[in-house]
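Chemist: In the working numbering, the protein residues as written are 8 to 394.
C-beta: ideal position from N, C-alpha, C; glycine also.
(1) Any chance the region 138-147 sits against the region 68-79, with 3 or more Cβ pairs inside 8 angstroms?
(2) Please state the DSSP three-state secondary structure of residue 167.
(3) Could you work out which residue in 107, 198, 152 and 136 is closest to residue 129 when comparing CA atoms only?
(4) Express the C-alpha separation of residue 300 and residue 361 in angstroms, rounding to a whole number.
(5) For residue 170 and residue 118, what's the separation of their Cα atoms in angstroms?
(6) Buried or exposed: residue 395, going by 16 or more other Cβ atoms within 10 Å of its Cβ?
(7) If you follow the alpha helix (DSSP H) that residue 357 is in, where does it begin and where does it stop?
(8) Can you list, in chain order, the residues of its chain whose CB lies under 8 angstroms from that of residue 92, leaving out five sequence neighbours each side?
(9) From the DSSP output, read off the bridge partner residues of residue 44.
(10) Who pairs with residue 115 in a beta bridge, going by DSSP?
(11) Going by Cα to Cα distance, which pick from 274, 212 and 268 is closest to residue 77?
(12) Ordered along the chain, which non-local residues of its own chain (more than five positions away) have a Cβ less than 7 angstroms from that of residue 167?
(13) Rounding to the nearest angstrom, what Cα-Cα distance links residue 150 and residue 232 in this structure?
(14) Go ahead and label residue 324 buried or exposed: buried means 16 or more other beta carbons lie within 10 angstroms of its beta carbon, across all protein chains shown.
(15) Measure the alpha-carbon distance for residue 49 versus residue 222 and round it to whole angstroms.
(16) Whole angstroms is fine: what's the gap from residue 178's alpha carbon to residue 163's?
(17) My output table needs one value for residue 160: the three-state DSSP class, helix, strand or coil.
(18) Using the rule of at least 16 other Cβ atoms within 10 Å of the residue's Cβ for burial, across every protein chain shown, is residue 248 buried or exposed?
(19) Given this structure, state the Cα-to-Cα distance separating residue 379 from residue 241, to the nearest angstrom.
(20) Once you ignore the five residues that flank residue 297 on each side, which residues in its own chain have a CB closer than 6 angstroms to its CB?
(21) Name the one or two DSSP bridge partners that residue 63 has.
(22) Using a threshold of 8 angstroms, state whether the C-beta atoms of residue 276 and residue 225 are closer than that.
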């Protein structure tokens, strides 16, 4: 077996340019940040290399695959192992400049000849999870290899079989070194995917800071909650607000959506896949952004508007001088404290305005919304909506 190489910065060996053409060099998009490759793309490349070696005795290195949108990246192999009845190849995932939990992980595929007429049978190797709850796009008991990566793997198996005289009847076992530990930093345990990571990707390409995996996890969280029959879910911006919502309403873990900054992702998905009740819980700064209509609450993409806080303070009964102080406060939390000292319910007004924004996104969906504003100590400092 070849040694496992450390994850070089430009492992993939191709550049994915704005015209969609992969070229040798670093995979640098026009903005200066590098695109990367999904675990699904890595698993597909590893499968192609392993099946080729099983049929021919030689591993293609680098190994080129076609992605769903037509790009053709080439992947260097970090693992090669050939036995009489099986071949294993591995690729170190390069997520580009995205802060991806799986960046640098070794994704391997072991391919064995399967039963005649069986087609491609998928197995979860070490570090790849198994589905244990309904609501996901895979049946309970299946390895957590998502539909698009499965299709890509089937396509490369068919391609290799045609080229080298194979039957295409194989067992493909995907593994990720350290995947069980990495999965603890993902939504997988909450979604009922146990034992490791999911093999993900719809395009094969990781776009830096698109946070598509996080948004996909939000959607799968809604799916799991609906399949479990829950009538109440909570979208929370962080661990403190999540704890408060869970304790206040007695919500189970899989009814809690780790919304983070993606309020819009929660609301838009619930508009199409409603749950009767939604609680939105978060700090006053993030919910003040939602109150003004922002659906992405990240500090780099939206800012708290002091003028809005001053306007809400006046609605709460603040005089001119206090409203000016609120408008000049350096944080939303400082503005909240100024109003609290004067006995004014700024938190309630932020919550109500945020609730209106949420209701506007949900439109006619049958989802009742309430909002909890939480301070850093976990105290509820504002509420709006159904009790």
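Modeler: Here's the rundown:
(1) no
(2) Taking the first residue of the chain shown as position 1, residue 167 is located at position 160. Reduced to three states, the DSSP call for residue 167 is helix.
(3) Within the chain shown, residue 129 is the residue found at index 122, counting from 1. Per the Cα distances, 152.
(4) Within the chain shown, the letter at position 354 stands for residue 361. Within the chain shown, the letter at position 293 stands for residue 300. Answer to the nearest angstrom: the Cα atoms are 8 angstroms apart.
(5) Counting from one through the chain shown, the residue named residue 170 turns up at place 163. Counting from one through the chain shown, the residue named residue 118 turns up at place 111. Looking at the two C-alpha atoms, the distance is approximately 17 angstroms.
(6) Here the chain covers residues 8 to 394 and nothing more, so residue 395 does not appear.
(7) Working through the chain shown from its first residue, we reach residue 357 at position 350. Counting along the chain, the alpha helix (DSSP H) containing residue 357 begins and ends at 353-369.
(8) Along the chain shown, read from residue 1 onward, the residue named residue 92 stands at position 85. The answer, listed in chain order, is 119 and 120.
(9) As a working note, residue 44 is residue 37 in the chain shown. Paired residue(s): 212.
(10) The residue given as residue 115 occupies position 108 in the chain shown. BP columns for residue 115 point to 97 and 182.
(11) One-based indexing of the chain shown puts residue 77 at position 70. Per the Cα distances, 212.
(12) Numbered from 1 along the chain shown, position 160 holds the residue referred to as residue 167. So the list reads 55, 58, 59, 62 and 173, once near-sequence residues are dropped.
(13) Within the chain shown, the letter at position 143 stands for residue 150. Within the chain shown, the letter at position 225 stands for residue 232. Cα-Cα distance, rounded: 20 angstroms.
(14) For the purposes of this step, residue 324 is taken as residue 317 along the chain shown, with counting starting at 1. Exposed: under 16 other Cβ atoms inside 10 Å.
(15) What you label residue 49 is simply residue 42 of the chain shown in a count that begins at 1. What you label residue 222 is simply residue 215 of the chain shown in a count that begins at 1. For residue 49 and residue 222, the distance between alpha carbons rounds to 21 angstroms.
(16) By 1-based counting over the chain shown, the position of residue 178 is 171. By 1-based counting over the chain shown, the position of residue 163 is 156. Going from the Cα of residue 178 to the Cα of residue 163 covers about 13 angstroms.
(17) Here residue 160 refers to the residue found at position 153 when the chain shown is read from its first residue. Helix, per DSSP.
(18) The count along the chain shown starts at 1 and reaches residue 248 at position 241. By the 10 Å Cβ count, residue 248 comes out buried.
(19) Position 372 of the chain shown, counted from the first residue, corresponds to residue 379. Position 234 of the chain shown, counted from the first residue, corresponds to residue 241. Straight-line Cα distance between these residues: approximately 10 angstroms.
(20) Counted from its first residue, the chain shown places residue 297 at position 290. Result list for residue 297: 270, 361 and 364, in chain order.
(21) By one-based count along the chain shown, residue 63 stands at place 56. DSSP, once it has assigned bridges, lists no residue as partnering residue 63.
(22) Looking up residue 276 in the chain shown gives position 269. Looking up residue 225 in the chain shown gives position 218. Yes, the Cβ-Cβ distance between residue 276 and residue 225 is below 8 angstroms.
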